[in-house]
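Written below as structure tokens is the structure these notes are about.
In UniProt numbering, the protein residues as written are 1 to 294.
Next up, the structure:
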């Protein structure tokens, strides 16, 4: 009986030791995911720099609490190369920060070390800049605020497309409208896009000699009716209507929309006229003559 009790006690002690060991293992795994110093090299995962600076203690990991996140990671890493690149570019565009491949893995679950095709494509991507360690977003033009945007536009007297500016920084389009409202720039629209021009008449615009020669060689019809016909041929609506004006001239004898001149009524002095210049009797001879006749 005594031997049986000792055996049960030993089994209970072994079970408690196993529980402590399992809890320690789970804590080590959680610490390695948070970038803790006790993690081994085989369990270490890449983390953002901000997480390393805080060193917050992490709660023990439960196997059931991380299922959804692990499924997302699995789906991302099984996605095509193009989809993973788009995910990384979106991260760089939205944050406008530089990330190492390890930090990218932690932020958007794209493992660039494990997928060489993604890494090589990102290095060659025109929207990404790689300095040998970190990736960052590469905009069409390197401007970061409204004053730099104005300086850039002033360098393009022939105009710069708004589409080439929209990825410079997050609120660049709002600053573009603000510069237009303050008359610092001209923002003109053609049939396809908006073009930003400097509002500076000192800008020298170079015109090609071929264009000048073509302009001088173009003959404009002497009859404005022919001008209107040419405009209509190219789908343009003339402001004037020469045919209607000439028809009105023939019918009424006056040009259409010509203002009628009112005859100026000659002011005559009558009995009801208020006389303010009585000291000048020669002005009222006509009034005295008409009064005597009546």
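We put the beta carbon where it would ideally sit given N, CA and C, even for glycine.
| query | result |
| --- | --- |
| Residues sharing a beta bridge with residue 129, DSSP | 136 |
| Contact set for residue 121: own chain, Cβ-Cβ below 7 angstroms, skip 5 residues either direction | 81, 85 |
| Paired residues, beta bridge with residue 223 - DSSP | Partner(s): none; residue 223 has no beta bridge. |
| Cα-Cα separation between residue 195 and residue 250, rounded to whole angstroms | 47 angstroms |
| Through-space distance from residue 140 to residue 131, alpha-carbon basis | 17 angstroms |
| Distance between beta carbons of residue 172 and residue 149, contact taken as under 8 angstroms | 6 angstroms |
| Inside the region 71–150 only - beta strand (DSSP E) runs reaching at least 3 residues | 128–130, 135–137 |
| Whole-number beta carbon distance between residue 100 and residue 133, since they are thought to touch under 8 angstroms | 6 angstroms |
| Alpha helix (DSSP H) segments (min. 4 residues) lying fully within the region 162–214 | 172–181 |
| Exposure label - residue 198; buried when at least 16 CB within 10 Å | buried |
| Own chain residues within Cβ distance below 6 angstroms of residue 98, not counting five before or after | 134, 136 |
| Delimiting residues of the alpha helix (DSSP H) encompassing residue 252 | 242–252 |
| Through-space distance from residue 200 to residue 180, alpha-carbon basis | 13 angstroms |
| Nearest-angstrom Cα separation, counted from residue 107 out to residue 233 | 59 angstroms |
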